[in-house]
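Visitor: Dumping the structure here so I can ask a few things about it.
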Amino acid sequence: MGVNRWWQTKDQYDNPGYRRHCRFLAQFTADVIEKYMREGCDVVLIGLDGSPSSGVRYTGRNPNWGGRPNATPEQFQIVPGKGVWIEELEKELQRRGLQLPRATGIPMDTPDFDMRKSIAELKAFLEGRDK
Amino acid sequence: METHDSRSFKLVILADYFVNPQSYANLPAGGEVYEILRDAGVGIIKMPPPGISEQSLEGWITITADQVEEYSKRGYKVFILGVEQLEGNGVWIDRLERELQARGVQKPTTINLTSEQLKAGGESIKKTLSTILSG
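Those protein sequence lines, which keep their order, are chains P and D. Every letter in the first sequence is one number past the one before it in my numbering, and letter 42, counting from 1, is 46. Every letter in the second sequence is one number past the one before it in my numbering, and letter 30, counting from 1, is 1202.
Structure, rendered in structure tokens:
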């Protein structure tokens, strides 16, 4: 989609071509994840919550978006779930018999995003204090 | 349509060493270069660590060249930052250059730090990175 892409929802990214692209990315990304796991590293995945592609805990949906862009931000619905890229990465790891690493997301794609609060949550996650 | 980058409109293709120095026994530990780039608001794309398969490397080269091509086209300043003493400067420079050349994409400004500069740290590193930091 490139740097100049319009806003997208998961419903738009959820198409065969984009999923094929994500599967391509997942193959060589999983190689590196697997290498670090086998070396005993504590691998974590930090996604972009609210993102239609990179969301881990939340993604963005609206089945009505499409065609000529006339959308407004409030139509972007934040819902629990993973984005398309994270789903394909998880499938590739499962195919290899590996679990998805411990994962969280920085909710930069949500309307009430607060960087300071998010960084505190990320630190708690990395230190295992979020459980 | 305007494209926004709240940081610097700069992007560096970075050797894995700069983010994971503890994995490189023959080079100085410490993440000073990464911290300088981060504090300057420069975006980074980290290349994979050594020891990945040929098939995997091909994917990394393709996707990295995609990013260099796209960001260059959109007006970003793109750089490659490697380490003199690492094979392929830690960024598979020959492979990456071949792929960019095949696409007709101009090679980004490329800088290689030496282990001596990395050991010296501080101003020595900043001076070498000045093209990125001030450009």
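Even glycine gets a Cβ: it sits at the ideal position worked out from N, Cα and C.
1) List the DSSP bridge partners of TYR62/P.
2) Check each candidate in SER1287/D, TYR1206/D and GLN1273/D and name the one with the smallest Cα separation from ILE1217/D.
3) Leaving aside the five residues before and after GLU38/P along the sequence, list all residues of the same chain whose C-beta is less than 7 Å from its C-beta, in chain order.
4) So if DSSP puts ALA1292/D in a beta bridge, which residue, or which two residues, is it bridged to?
5) Cutting at 7 Å between CB atoms, please list the residues of its own chain near ASP53/P, excluding the five before and the five after it.
6) Tell me, to the nearest whole angstrom, how far the beta carbon of ASP134/P is from that of ASN66/P; I am working on the premise that it is less than 8 Å.
7) Please identify the residue among ILE1235/D, LYS1298/D and THR1282/D whose C-alpha is closest to the C-alpha of VAL1250/D.
8) State yes or no: is the beta carbon of GLY101/P nearer than 9 Å to at least one beta carbon in chain D?
9) Mind checking the stretch 1176-1196 of chain D against chain P and listing, in chain order, the residues whose C-beta falls within less than 7 Å of any C-beta there?
10) Using only CA atoms, which one of ALA1292/D, ILE1224/D, LYS1245/D and SER1302/D lies nearest to ARG42/P?
11) Under 9 Å, do LEU1272/D and VAL1240/D count as touching if we go by C-beta distance?
12) Since PHE32/P meets chain D, which of its residues come closer than 7 Å, beta carbon to beta carbon?
13) Would you say PHE28/P lies against chain D (beta-carbon separation less than 9 Å)?
14) Going along the chain, which residues of its own chain have a beta-carbon closer than 6 Å to the beta-carbon of ASN1284/D, five neighbours each way excluded?
15) Determine the direct distance from the alpha carbon of GLN98/P to that of ILE82/P, and round the result to whole angstroms.
16) Return the CA-CA distance between LEU104/P and ILE1185/D, expressed in angstroms with no decimal places.
17) Cα separation between LEU1183/D and LEU1209/D?
18) Could you check where the beta strand (DSSP E) with ILE50/P kicks off and where it finishes?
19) Taking beta-carbon pairs under 8 Å, can you tell me which members of the stretch 1214-1227 of chain D lie near chain P?
Guide: Once the coordinates are examined:
1) BP columns for TYR62/P point to PRO84/P.
2) For the residues SER1287/D, TYR1206/D and GLN1273/D, the minimum Cα distance to ILE1217/D belongs to TYR1206/D.
3) Cβ contact annotation for GLU38/P (same chain, cutoff 7 Å, sequence separation greater than five): ARG100 and LEU102, in chain order.
4) None, per the DSSP bridge assignment.
5) Close CB contacts of ASP53/P within its chain, under the 7 Å cut and outside five residues either way in sequence, are with GLY59, VAL60, ARG61, TYR62, GLY109, ILE110, PRO111, ASP113 and THR114 (chain order).
6) Contact between ASP134/P and ASN66/P fails: their C-beta atoms lie close to 29 Å from each other, not under 8 Å.
7) Ranking ILE1235/D, LYS1298/D and THR1282/D by Cα distance to VAL1250/D puts THR1282/D first.
8) Not an interface residue.
9) Within the stretch 1176-1196 of chain D, no residue qualifies.
10) Nearest of ALA1292/D, ILE1224/D, LYS1245/D and SER1302/D to ARG42/P, Cα basis: ILE1224/D.
11) Contact: yes.
12) Chain D residues near PHE32/P: SER1228, GLY1231 and TRP1232.
13) Put simply, the CB of PHE28/P is near chain D, with a gap under 9 Å to one of its CB atoms.
14) The answer, listed in chain order, is GLY1254, GLU1256 and ASN1261.
15) Going by the C-alpha atoms only, they are around 26 Å apart.
16) If you take the alpha carbons of LEU104/P and ILE1185/D, they lie about 27 Å apart.
17) LEU1183/D and LEU1209/D have their C-alpha atoms roughly 10 Å apart.
18) ILE50/P: member of the beta strand (DSSP E) spanning 48-51, first to last residue.
19) For the stretch 1214-1227 of chain D, the set of positions with a beta-carbon nearer than 8 Å to some beta-carbon of chain P reads PRO1220, PRO1221, GLY1223, ILE1224, SER1225 and GLN1227 in chain order.
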